[in-house]
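In this note's numbering, the protein residues as written are 166 to 491. The block underneath contains the structure these notes are about, expressed in structure tokens.
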Amino acid sequence: MAMATSACQALLVLMAAFAAAALVSTASATLQYDFYSSTCPKAEEAVRYATTKIISDDPTMGAAIVRLFFHDCFVRGCDASILLDQSNSNPQPEKLAIPLRGFSAVDTIKAAVEAVCPGVVSCADILAYAARDSTMVSGGFSFPMPGGRRDGAVSNLNDIFGSLPAPNMQVQALVQSFANKGLSAVDLVALSGAHSFGVTHCSFVTPRLYPAVDPTLNATYAAALQQACPQGGAGGTVLNNNNVTDPNKLSNQDYRNVAAGEVLFTSDQTLTSDATTNQMAQDNAANPVAWMARFAGAMVKMGGIQVLTGNQGEIRRVCGATNGGT
């Protein structure tokens, strides 16, 4: 059994590598695998070690880091704009718009890389590598992630509106939102699997509970959600979709929950309302290795959205501020 598992994992890596190589050539020909092999050969090792320790100390951080990567890439492209703090040049940065976690974790990873080779590795690449390694720690599989991204100097919360897919979106709007970023319906469904781990606020769930329960929700599950998120309550958080097994484990459990009507977001449940995306969700539920390969390919493809490369942007000394510091 152990040998069979290892063989599957090896096959997965090969599949993911092939898919990622094909995707990166079309998404962003300027990104390269082993980008820092000569300028900072221990960069990815430093990211992996720091990320592994962070998640070992706090297992909830795996989901937080992957979510940061998603938010970064969908708004202004993968340029680490989500990491910028409020400043004179960025008075209303993206991070003010949505409650996110993981900023201090990225700062810790950046410091670990700076200790190895200062001023070489961008925060955008560090976030991409950390998201890849969060997948490894929390999901048990890994894949190659190209590098070469540069850091942007602008972060504006107004850029979020119209860029990020919302949890209340229906499937047609979701497909269009992903298509606007060069991602396919296959990528959409594959990346939806990330909702298998992490937590969410009641405010994202209560619209499905009040004033009337969304009929696509399993009745028993809806009653449990109403207990956790009472109408007019203070908010709080709800364990996300993988509480069947482990809320901190990235897996294909989300697709099983979709089929059972036991997911928190409309954006997940709506996958069943379209024959094509419903079949994709069923395929991902039935074949975890195939889902892993699709997820890996989609992560790499997403990591190529509107990247800054070459002499564009900068390599920030710290991730929360531009080198100009204004």
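Every residue, glycine too, gets a C-beta built ideally from N, C-alpha and C.
When the options are compared against residue i, the one with the closest alpha-carbon
i: residue 267; options: 277, 253 and 248; result: 248
i: residue 434; options: 370, 206 and 243; result: 370
i: residue 475; options: 443, 419 and 287; result: 287
i: residue 385; options: 452, 478 and 426; result: 426
i: residue 306; options: 374, 218 and 459; result: 459
i: residue 219; options: 392, 320, 390 and 295; result: 295
i: residue 505; options: 428, 398 and 262; result: This structure gives no information on residue 505, because the portion of the chain shown stretches from 166 to 491.
i: residue 478; options: 227, 246, 223 and 351; result: 246
i: residue 302; options: 445, 320, 351 and 217; result: 217
i: residue 213; options: 393, 338 and 297; result: 297
i: residue 226; options: 195, 323 and 415; result: 415
i: residue 336; options: 396, 221 and 445; result: 445
i: residue 440; options: 430, 452, 424 and 429; result: 424
i: residue 452; options: 438, 208 and 420; result: 420
8 Å contact criterion, which residue i and residue j should meet: CB distance rounded
i: residue 231; j: residue 299; result: 5 Å
i: residue 353; j: residue 343; result: 5 Å
i: residue 215; j: residue 274; result: 4 Å
i: residue 271; j: residue 201; result: In fact, because the Cβ distance is near 17 Å, the residues do not count as touching under 8 Å.
i: residue 374; j: residue 387; result: 7 Å
i: residue 309; j: residue 197; result: Between residue 197 and residue 309 the Cβ distance is about 11 Å, and since that is not below 8 Å, they are no contact.
i: residue 463; j: residue 355; result: 4 Å
i: residue 292; j: residue 234; result: 5 Å
i: residue 442; j: residue 338; result: About 12 Å separates the two Cβ atoms, so there is no contact after all.
i: residue 240; j: residue 210; result: Not really, about 29 Å apart at Cβ, beyond 8 Å.
Backbone CA spacing between residue i and residue j [nearest angstrom]
i: residue 381; j: residue 281; result: 51 Å
i: residue 329; j: residue 341; result: 11 Å
i: residue 357; j: residue 432; result: 9 Å
i: residue 364; j: residue 229; result: 9 Å
i: residue 487; j: residue 257; result: 15 Å
i: residue 481; j: residue 315; result: 9 Å
i: residue 436; j: residue 204; result: 44 Å
i: residue 468; j: residue 347; result: 11 Å
i: residue 379; j: residue 454; result: 32 Å
i: residue 254; j: residue 321; result: 10 Å
i: residue 466; j: residue 394; result: 36 Å
i: residue 396; j: residue 485; result: 37 Å
i: residue 223; j: residue 411; result: 14 Å
i: residue 279; j: residue 269; result: 15 Å
i: residue 401; j: residue 430; result: 16 Å
i: residue 252; j: residue 208; result: 29 Å
Classification of residue i by the beta-carbon crowding that lies within 10 angstroms, buried from 16 upward
i: residue 422; result: buried
i: residue 366; result: exposed
i: residue 242; result: buried
i: residue 376; result: exposed
i: residue 237; result: buried
i: residue 199; result: exposed
i: residue 489; result: exposed
i: residue 470; result: buried
i: residue 206; result: exposed
i: residue 418; result: buried
i: residue 372; result: exposed
i: residue 190; result: Here the model assigns residue 190 a pLDDT of 43, short of 50, so the residue's position is not dependable and the matter cannot be decided.
i: residue 461; result: buried
i: residue 449; result: buried
i: residue 413; result: buried
heavy atom of the ligand MN below 7 Å from residue i C-beta
i: residue 390; result: Of the ligands one can find in the structure shown there are none, so the ligand MN has no counterpart to examine.
Test: residue i CB closer than 8 Å to a CB of chain B
i: residue 462; result: The structure shown contains no chain B, having only a single protein chain.
Could you tell me which uninterrupted beta strand (DSSP E) segments, each at least 3 residues in length, are contained entirely in the segment 386-466, listed from first to last along the chain?
Fully contained in the segment 386-466 are the following beta strand (DSSP E) runs of length 3 or more, in chain order: 402-404.
Could you pull out every unbroken beta strand (DSSP E) segment of at least 3 residues lying fully inside the segment 283-366, listed in chain order?
Complete beta strand (DSSP E) runs here, min 3: 364-366.
Suppose only complete runs of 3+ residues qualify. What are the beta strand (DSSP E) ranges in the segment 221-249, listed by chain order?
Taken in chain order, the whole beta strand (DSSP E) runs of length 3 or more contained in the segment 221-249 number zero.
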